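K.L.:
Per this note's numbering: the sequence shown = residues 1 to 175.
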Amino acid sequence: MFDAPLVPISVGAPIANLNLFTGQSWVKQEILPLRRMDRRASGKGATALLSPRRVLQMAIAARLVELGMRPKAACSAAWHFTDRSNPLEAPGYERGPGELFGGGALTALCAYRDGTAAVVRVDRKNTPFEQIFFPIGTAGVAASGVKEGATVLLLDFIVKEVAERFASLVERGEV
1 MFDAPLVPIS VGAPIANLNL FTGQSWVKQE ILPLRRMDRR ASGKGATALL
51 SPRRVLQMAI AARLVELGMR PKAACSAAWH FTDRSNPLEA PGYERGPGEL
101 FGGGALTALC AYRDGTAAVV RVDRKNTPFE QIFFPIGTAG VAASGVKEGA
151 TVLLLDFIVK EVAERFASLV ERGEV
């Protein structure tokens, strides 16, 4: 689901709740770098094609920007969820790139101002508050050695919304 079907930015930006001009600007300025599963514009007047994974990254980044992050840092932080998977994120609970942890737990993205991020499994009963804001092994330590607070975004709702919008387009034969 995350690598196909490819959609033009004019379709992907609204799915991501992002203004079309902003989406085009992010791609053109490489604030949102395209990856191997996306397709760059092939000539004058052509548009880039985005994979669902890139649209999801755009949706997460758009929400982080709304919360005060700079676009480039927000896109970088979102990439840590959409394109990476790290078994150390939540030992014993694995997830693939762009996937939620599931099993009754929530999936949170702890994003820092410099664009680094950590994906955290949030068990509603057993996850210490500090682990959510300062995940172990993340870059959220300033040069002074003091931990820098994170912008925490619950991803479950964003992922489900983007997936539903894509499914609706596929069902209607629009992609």
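Even glycine gets a Cβ: it sits at the ideal position worked out from N, Cα and C.
Just so it is clear, the structure is predicted and the values come from calculations on it, not from any experiment.
1. State the CB to CB distance for the pair S76 and G115, rounded to an integer number of angstroms; the pair is presumed to be in contact (CB under 8 Å).
2. Could you tell me the distance, in whole angstroms, from the CA atom of S168 to the CA atom of G98?
3. In three-state DSSP terms, what is A105?
4. With a CB to CB cut of under 7 Å and the five nearest residues on each side skipped, what residues in its chain are close to N17?
5. Counting only runs that start and end within the stretch 76-120, where is the beta strand (DSSP E) found for 3 or more residues in a row?
6. Quick check on L64: buried or exposed, where buried means 16 or more other Cβ atoms within 10 Å of its Cβ?
7. Go through its chain and collect everything with a Cβ distance to W79's Cβ below 7 Å, but skip five positions before and after it.
8. With a threshold of 16 other CB atoms inside 10 Å of the CB of S10, please say whether the residue is buried or exposed.
9. Once you ignore the five residues that flank E89 on each side, which residues in its own chain have a CB closer than 6 Å to its CB?
10. Leaving aside the five residues before and after A205 along the sequence, list all residues of the same chain whose C-beta is less than 6 Å from its C-beta, in chain order.
11. Within 10 Å of its beta-carbon, does F21 have 16 or more other beta-carbons around it, so buried, or fewer, so exposed?
12. Please identify the residue among N86, R113 and P33 whose C-alpha is closest to the C-alpha of L67.
13. Residues in the same chain with beta-carbon distance under 7 Å from P87, minus the five sequence neighbours each way, listed in chain order, please.
14. Please classify R121 as buried or exposed, where buried requires at least 16 neighbouring CB atoms within 10 angstroms.
P.N.:
The answer reads as follows:
1. 3 Å
2. 19 Å
3. coil
4. A59 and A62
5. 106-111
6. buried
7. Q57
8. exposed
9. V119
10. Coverage of the chain is limited to positions 1 through 175, which leaves residue 205 absent and any answer about it impossible.
11. exposed
12. R113
13. E94
14. buried
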